[in-house]
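Each residue of the sequence shown is one higher than the last, beginning at 300 in the working numbering.
Don't be surprised by glycine CBs; every beta carbon is placed ideally from N, CA and C.
This structure is a prediction, so every number in the text was calculated from the model and none was measured.
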Amino acid sequence: MHLLGALYRLAQMESDPKGLLHENDSFSDFRRKVSDLIKDVAYIMGSGACFKQMFLLLQSPGATWESTQSALFIMQNVAKNIIPNENEIIPKVAEAILNLTDKTHIDVRYTSIMLLGELCDWIENHAETLQAVLDFLLCSLQQKKVLAAAAAIALTSIRSFEINNDLAIGLLKGISLILSRLPRNQLETTMREIIRFQLEPLAELVKSGPVTVVCKGERTDPAYWVDRACAVIRHTNPDVSIEEIHPTLQILNETWPLISQIMGKYQTDVRVMERTCRLIRYGVRMVRKQASLLVEPLINQMVCLYALHHHSCFLYLGSVFVDEC
Numbered sequence: 300m301h302l303l304g305a306l307y308r309l310a311q312m313e314s315d316p317k318g319l320l321h322e323n324d325s326f327s328d329f330r331r332k333v334s335d336l337i338k339d340v341a342y343i344m345g346s347g348a349c350f351k352q353m354f355l356l357l358q359s360p361g362a363t364w365e366s367t368q369s370a371l372f373i374m375q376n377v378a379k380n381i382i383p384n385e386n387e388i389i390p391k392v393a394e395a396i397l398n399l400t401d402k403t404h405i406d407v408r409y410t411s412i413m414l415l416g417e418l419c420d421w422i423e424n425h426a427e428t429l430q431a432v433l434d435f436l437l438c439s440l441q442q443k444k445v446l447a448a449a450a451a452i453a454l455t456s457i458r459s460f461e462i463n464n465d466l467a468i469g470l471l472k473g474i475s476l477i478l479s480r481l482p483r484n485q486l487e488t489t490m491r492e493i494i495r496f497q498l499e500p501l502a503e504l505v506k507s508g509p510v511t512v513v514c515k516g517e518r519t520d521p522a523y524w525v526d527r528a529c530a531v532i533r534h535t536n537p538d539v540s541i542e543e544i545h546p547t548l549q550i551l552n553e554t555w556p557l558i559s560q561i562m563g564k565y566q567t568d569v570r571v572m573e574r575t576c577r578l579i580r581y582g583v584r585m586v587r588k589q590a591s592l593l594v595e596p597l598i599n600q601m602v603c604l605y606a607l608h609h610h611s612c613f614l615y616l617g618s619v620f621v622d623e624c
């Protein structure tokens, strides 16, 4: 308890009259280390106990925005491991967040939005809160850019919600259009996080052993997640000059090994191959000649797979490479 209290005090931000988040300074690095310590403490104390202690601090009379934000920051770090059927504290926290006003300090609003994203399992278990949460996050997408970035990340937790995949893809399209308006550093970081949410289940499928019968439209269907990632790649279209490195480029390079594994594992499934080629196609069209590092490994794999299965989507993708690269 004493260690958690010490971390709570150390993690408090300095007053900033401009109301800007401190994302790129030494304090951000320090807080990342604090975050790791919080998780260690939560492992010993229990996430629920940590969450409750911070909730009690939030109710302290005369709490400043700095102390409030620090408590929310700690709650954000432990929220994922709280049992989804908790009904004592989280409902009060969620209600308070959903009723935040524009006058609330921007750092408190930002952290509150991120906390909502971490509570996705709890929200899924309390379906009656889903509509209010989605409305709040969609409204936050229209706010200041830092809040829009936080809302975009939080909304990617919809992968845990039992909603129609077409609706989820539509929502991701909307998020991506908002992303395109963000400053470059926020855009790349937020987009990477959103793509990660879609690719993590794909990575699990790749590791899950031999291919079994794929149930179309289910969460065990790789196309289910490829379509979501494709929606983000296709509709995040920032204004980038020819001389600039496209913010999507590094993300494409990072995701290529997984995409290659998907193509290898599901090479006999025409539908999955077509969806995967479409994802690559939109990525290449986005970054154009900057995709040159992907050309050789991709062409080599396409040639090998085409010799075995003659998927026509490889021919179309090859023509895109000729046009764009």
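Residue of the options minimising C-alpha distance to residue i
i: A453; options: T489, N599, I468 and S334; result: T489
i: I305; options: E427, C349 and S411; result: Ile is not the amino acid found at residue 305; the sequence shown has Ala there. If we check each option's Cα against that of A305, C349 comes out closest.
i: K391; options: T363, I422, E573 and G361; result: I422
i: V583; options: T535, Y605 and V571; result: T535
i: C438; options: K564, D465, R408 and N463; result: R408
i: L551; options: R495, N424 and L415; result: R495
i: F326; options: Q311, L336 and D420; result: Q311
i: E387; options: I468, V513, L355 and P360; result: L355
i: I474; options: K515, V525 and R533; result: R533
i: V340; options: G361, M413 and V377; result: V377
i: E362; options: L414, Y307, S611 and Y605; result: Position check: residue 362 holds Ala in this sequence, whereas Glu was assumed. For the residues L414, Y307, S611 and Y605, the minimum Cα distance to A362 belongs to Y307.
i: D465; options: L440, E427, A431 and G516; result: G516
i: H425; options: E385, K444, A395 and N463; result: E385
i: D538; options: T511, G563 and M585; result: M585
i: H608; options: L486, S618 and R570; result: R570
i: V619; options: C603, L357, V445 and R580; result: R580
i: A487; options: I337, Q549, K444 and L446; result: The amino acid occupying residue 487 in the given sequence is Glu; Ala does not appear at that position. The candidate whose alpha carbon is nearest that of E487 is Q549.
i: K379; options: G563, I337 and D434; result: I337
i: A502; options: G563, A395 and L357; result: G563
Cβ-based neighbour list, residue i, same chain, cut-off 6 Å, excluding 5 preceding and 5 following
i: M353; result: A370, I373 and M374
i: G347; result: I381
i: E492; result: I452
i: E543; result: none
i: I389; result: W421
i: H610; result: M572
i: H404; result: W364
i: K444; result: L481
Range covered by the alpha helix (DSSP H) that runs through residue i
i: E503; result: R483 to K506
i: H404; result: No alpha helix (DSSP H) holds H404; DSSP gives it neither H nor E.
i: G473; result: N464 to L478
i: D526; result: P521 to H534
i: K443; result: Careful: K443 lies outside any alpha helix (DSSP H) and carries neither H nor E.
i: S540; result: S540 -> no alpha helix (DSSP H), and no H or E assigned at all.
i: C576; result: V569 to V586
i: Y615; result: S611 to E623
i: P556; result: P546 to K564
i: P596; result: S591 to H608
i: R330; result: S325 to M344
i: S369; result: W364 to V377
i: K391; result: I389 to L397
i: G304; result: H301 to L309
Inter-residue CB distance, residue i and residue j (contact presumed, cutoff 8 Å)
i: A393; j: L418; result: 7 Å
i: Q368; j: D406; result: 5 Å
i: P521; j: Y565; result: 6 Å
i: L498; j: T567; result: About 22 Å separates the two Cβ atoms, so there is no contact after all.
i: R483; j: P546; result: 6 Å
i: V513; j: T519; result: 7 Å
i: I412; j: L436; result: 7 Å
i: A431; j: L440; result: Between L440 and A431 the Cβ distance is about 15 Å, and since that is not below 8 Å, they are no contact.
i: L303; j: M344; result: 7 Å
Proximal residues to residue i (C-beta, below 7 Å), its chain only, five neighbours per side dropped
i: G416; result: I452, A453 and S456
i: L471; result: R527, A530 and V531
i: T428; result: A393 and I422
i: C612; result: M572, E573 and C576
i: Y523; result: N464, G516 and E517
i: K351; result: I388
i: E313; result: none
Residues near residue i in its chain [Cβ-Cβ closer than 8 Å; skip 5 each side]
i: L592; result: N552
i: M601; result: F613, L616 and G617
i: V621; result: none
Exercise. Is it a yes or a no for the segment 478-490 touching the segment 500-520, going by three-plus beta-carbon pairs under 8 Å?
Worked result: no
Exercise. Would you say the segment 523-531 touches the segment 566-576, given that touching needs at least three Cβ pairs under 8 Å?
Worked result: yes
For this session: Kindly confirm or deny that the segment 394-408 and the segment 324-336 touch, where touching means at least three C-beta pairs closer than 8 Å.
Result: no
For this session: Check whether the segment 592-599 touches the segment 550-560, taking contact to mean three or more Cβ pairs, one atom from each stretch, closer than 8 Å.
Result: yes
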